[in-house]
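K.L.:
Please see the structure below; I have some questions.
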Amino acid sequence: MIDVSLLGWLLVTLTSPLSLVLLVVALGSAAYIGVTALAAAPPRRGARAIGTGVAACALAAGMIGLRVGSGAGAALPTAAVGIAAAAALGATAACAWTFGAAGAAALGAARARRSAAALRAGDARRRLLAASQRAYIEGDDLAAETAAADAAVARLRAAVGALEDARAALEARRDAARGAGGDGEERGAEEDGPRAEQAKEASALAEDLARACDEAATRVSMGQRVLAAAEAAALRIACNAPLRRLLRRRPREAMQALATLGAGAIAPAAASIEAFLGEVRAARVEVASIAERRAAGDARGGAGSGAAEGPASVALGELAAMESAYGALLERLRLSELHASTRASVEQVESAAGALSAAARAAAIDPAALGALVTEIARAESAVAAAAPEAGGSRALAEALAEGSLALDRSDATSLSELIAALRELR
Numbered sequence: 027m028i029d030v031s032l033l034g035w036l037l038v039t040l041t042s043p044l045s046l047v048l049l050v051v052a053l054g055s056a057a058y059i060g061v062t063a064l065a066a067a068p069p070r071r072g073a074r075a076i077g078t079g080v081a082a083c084a085l086a087a088g089m090i091g092l093r094v095g096s097g098a099g100a101a102l103p104t105a106a107v108g109i110a111a112a113a114a115l116g117a118t119a120a121c122a123w124t125f126g127a128a129g130a131a132a133l134g135a136a137r138a139r140r141s142a143a144a145l146r147a148g149d150a151r152r153r154l155l156a157a158s159q160r161a162y163i164e165g166d167d168l169a170a171e172t173a174a175a176d177a178a179v180a181r182l183r184a185a186v187g188a189l190e191d192a193r194a195a196l197e198a199r200r201d202a203a204r205g206a207g208g209d210g211e212e213r214g215a216e217e218d219g220p221r222a223e224q225a226k227e228a229s230a231l232a233e234d235l236a237r238a239c240d241e242a243a244t245r246v247s248m249g250q251r252v253l254a255a256a257e258a259a260a261l262r263i264a265c266n267a268p269l270r271r272l273l274r275r276r277p278r279e280a281m282q283a284l285a286t287l288g289a290g291a292i293a294p295a296a297a298s299i300e301a302f303l304g305e306v307r308a309a310r311v312e313v314a315s316i317a318e319r320r321a322a323g324d325a326r327g328g329a330g331s332g333a334a335e336g337p338a339s340v341a342l343g344e345l346a347a348m349e350s351a352y353g354a355l356l357e358r359l360r361l362s363e364l365h366a367s368t369r370a371s372v373e374q375v376e377s378a379a380g381a382l383s384a385a386a387r388a389a390a391i392d393p394a395a396l397g398a399l400v401t402e403i404a405r406a407e408s409a410v411a412a413a414a415p416e417a418g419g420s421r422a423l424a425e426a427l428a429e430g431s432l433a434l435d436r437s438d439a440t441s442l443s444e445l446i447a448a449l450r451e452l453r
């Protein structure tokens, strides 16, 4: 029995030396398989260093704590098992690092591909949504609806024209059959036999053709009525298309901003409404041109144009009401903008006047400083007079100074220049 232990912990008990040899062979085979797999796999940075480090650590741990068997003969099997185990662990660690990193890279690439595909799909959906919204705002579906209605009217007009041609052909054949029948009756009065039978057949054919002509005339009349109704419906669709497009393009954001933000949104809202009014005027011109064009087509086609004027007039009335409402709102917005501008100008004037008033108050002459200045001038003049006295000058100077001081004490409107000028005259 051979015990294999690591740091005193029993790992496995081998029954014979052959089992020990098989263990060493198995560990070596694991190391060989790992090295072969590493050689076949794409090189990975750091795999060699990790495998070498793990093998060195395992070998050091085996030399310190691994024991295979007991006694003096345990050194050789311990070294063999330790080396084989270190090689197997190093190769396994290097393989784990290499293939784990490859798997992580593959997973990251797949995740990146999925993210990129999701981003592309999101961009495609956003572009599709933006395109659909733009088409809805521009009224592409309304244009397609109008074109489909015009195409249907054109097909119906062609069908009615074919009915009219068929009726004309039947009437021509009926007239021809009537003429042939009249000639046959005149000849039948003179001759009997086969001629009389042919005359009867021609008369029966003329009656059938007359009934067919009546049926064709009825169908043509019904077709013309249907055509008139279809033309009126197509005109109504064509005239309502600009109005429906304007209802989609109305300035909702400007109105909401005006309702929530207040005076700060007056100028943008006014600009949006003014642009919308331009579109309303263009729509009125478009409806008027549609009505004129359809009326001219009806006059050429023979359909009644009186029924076709109703949708156009209704659409023009709706557009006029819309233009009037938004025009009144625009005028009120401009008036509000003018009031706001005037209020801002008044506030600026008040601010400037307040600043100037504060500056004027700060720049006012201090009466105490002015009195000190006059006192200093008086002392200087007294000194000069004492140095060079003049007859009667001291009394006049004293009186002038007394009057100046009294005026300053009373805060009279006496300027400094006047006081100094009086002193200069006394000299």
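Just so we're aligned: the sequence shown equals residues 27 to 453 in this note's numbering.
Cβ atoms here follow ideal geometry from the backbone N, Cα and C, with glycine treated the same way.
Quick caveat: nothing in here was measured; it's all calculated off a predicted structure.
Give the secondary structure of T78 by DSSP, where H, G and I count as helix, E and B as strand, and everything else as coil.
P.N.:
Three-state result, T78: helix.
K.L.:
Quick check on this structure: which residue in I28, L359, A301 and A264 has the alpha carbon closest to the alpha carbon of L342?
P.N.:
When each option's Cα is compared against that of L342, the closest is A264.
K.L.:
What does a CB cutoff of less than 8 angstroms around R274 pick up in its chain, not counting 5 residues either side in sequence?
P.N.:
Contacts found: Y162, I163 and G165.
K.L.:
Using a Cβ distance threshold of 8 angstroms, determine whether the stretch 293-301 contacts the stretch 236-243, with at least three qualifying pairs required.
P.N.:
Judged by Cβ distances under 8 angstroms, the stretch 293-301 makes no contact with the stretch 236-243, as fewer than three pairs qualify.
K.L.:
I'd like the ranges of any beta strand (DSSP E) spanning at least 3 consecutive residues and lying wholly in the stretch 267-315.
P.N.:
DSSP runs (the beta strand (DSSP E)) wholly in the stretch 267-315: none.
K.L.:
Assuming contact is defined by CB atoms lying nearer than 8 angstroms, are R6 and P337 in contact in what I supplied?
P.N.:
As shown, the chain starts at 27 and ends at 453. That puts residue 6 outside it, with no answer to give.
K.L.:
Could you check whether the Cβ of A295 sits closer than 8 angstroms to any Cβ belonging to chain B?
P.N.:
Protein chains in the displayed structure number just one, and chain B is not present.
K.L.:
For the putative contact between G95 and D29, defined by C-beta atoms under 8 angstroms, what is the C-beta separation to the nearest angstrom?
P.N.:
Going by Cβ atoms, the distance from G95 to D29 rounds to 7 angstroms, so yes, they are a contact pair.
K.L.:
Using C-beta distances below 8 angstroms, list every residue in its chain close to L303, excluding the 5 sequence neighbours before and after it, in chain order.
P.N.:
Here the set comprises E349, Y352, G353 and L356.
K.L.:
Spatial neighbours of S192 within its chain, please: C-beta separation below 8 angstroms, excluding the five flanking residues on both sides.
P.N.:
The question names Ser, yet the displayed sequence has Ala at residue 192. Excluding residues within five positions, the ones whose Cβ falls inside 8 angstroms are A242.
K.L.:
Looking only at its own chain, which residues have a Cβ that is under 6 angstroms from the Cβ of V80, when we skip the five neighbours before and after it?
P.N.:
For V80, where only same-chain residues beyond five positions count, the Cβ hits under 6 angstroms are L115, G116 and A119.
K.L.:
Pick helix, strand or coil for S31, following the three-state DSSP scheme.
P.N.:
In this structure, S31 counts as strand in the three-state DSSP scheme.
K.L.:
Per DSSP, V38 forms a beta bridge with which residues?
P.N.:
V30.
K.L.:
Locate the alpha helix (DSSP H) running through R146, then write down its first and last residues.
P.N.:
Where R146 is concerned, the enclosing alpha helix (DSSP H) stretches over A101 to E164.
K.L.:
Near A280, which residues of its chain fall below 7 angstroms by C-beta distance, leaving aside the five closest residues on each side in sequence?
P.N.:
These residues qualify, in order along the chain: P294, A295, S298 and I299.
K.L.:
Classify A334 as helix, strand or coil using the three-state DSSP reduction.
P.N.:
Confidence in A334 is poor, its pLDDT being 43 and thus under 50, which makes the residue's placement unreliable; the coordinate value appears in the next sentence. Coil at A334, not helix or strand.
K.L.:
Using 10 angstroms around the beta-carbon of I109, count the other beta-carbons present and answer buried if the total reaches 16, otherwise exposed.
P.N.:
It is buried - the Cβ of I109 has at least 16 other Cβ atoms within 10 Å.
K.L.:
Give the straight-line distance between the Cα atoms of P68 and P103, rounded to the nearest whole angstrom.
P.N.:
Each residue's alpha carbon lies about 36 angstroms from the other.
K.L.:
Cβ atoms of L253 and L182: under 8 angstroms apart, would you say?
P.N.:
Result yes, Cβ atoms of L182 and L253 sit closer than 8 angstroms.
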